[in-house]
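If you read the sequence shown in this note's numbering, its first letter stands for residue 7, the second for the next number, and so on.
Just so you know, even glycine gets a beta-carbon here, dropped at the ideal spot from N, CA and C.
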Amino acid sequence: MNDNHVLLQQLGVSCRELDHLCSVARAAGALGAKMSGGGRGGNMIALARDADHARQLREALQQAGATRVL
Numbered sequence: 007m008n009d010n011h012v013l014l015q016q017l018g019v020s021c022r023e024l025d026h027l028c029s030v031a032r033a034a035g036a037l038g039a040k041m042s043g044g045g046r047g048g049n050m051i052a053l054a055r056d057a058d059h060a061r062q063l064r065e066a067l068q069q070a071g072a073t074r075v076l
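1. Roughly how many angstroms separate the alpha carbons of residue 51 and residue 34, rounded to a whole number?
2. Just checking, does the stretch 61-74 make contact with the stretch 29-43 on the three C-beta pairs under 8 Å criterion?
3. Only counting runs of 4 or more residues, tell me where the alpha helix (DSSP H) segments fall wholly within the stretch 8-59, in order along the chain.
4. Count the other CB atoms within 10 Å of the CB of residue 12; is the residue buried (16 or more) or exposed (fewer)?
5. Do you know whose CA, among 8, 9, 19, 73, lies nearest residue 44's CA?
6. Taking C-beta to C-beta, are residue 57 and residue 30 nearer than 9 Å?
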């Protein structure tokens with residue numbers, strides 16, 4: 007996931023906000039994080055270890071400015 011996000015950055019389809027949220031997720035221990043969809047905004051996916059870790063990722067992403075975390 008992380009390598010794929012780098013490739014999407016190189017293609018120019020990511021954006022500063024998604025790059026930031028992916029970095030925040032990885033810093034919070036996500037097993038991987040990448041943008042998803044058409045790019046230039048939209049959404050990103052982060053992989054958590056378990057339900058407790060998912061709650062930690064949710065909090066980190068919301069504190070970093072994520073507008074909606076599922």
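Let me spell this out:
1. Counting from 1 along the sequence shown, the entry for residue 51 is found at position 45. Counting from 1 along the sequence shown, the entry for residue 34 is found at position 28. Cα to Cα, residue 51 sits roughly 13 Å from residue 34.
2. yes
3. 8-17, 22-33
4. Reading the sequence shown from its first residue, position 6 is the one you call residue 12. With fewer than 16 Cβ atoms within 10 Å of its Cβ, residue 12 is classed as exposed.
5. In the sequence shown, residue 44 corresponds to position 38, counting from 1. Checked all of 8, 9, 19, 73; the closest Cα to residue 44 is 19.
6. By 1-based counting over the sequence shown, the position of residue 57 is 51. By 1-based counting over the sequence shown, the position of residue 30 is 24. Result no, Cβ atoms of residue 57 and residue 30 do not sit closer than 9 Å.
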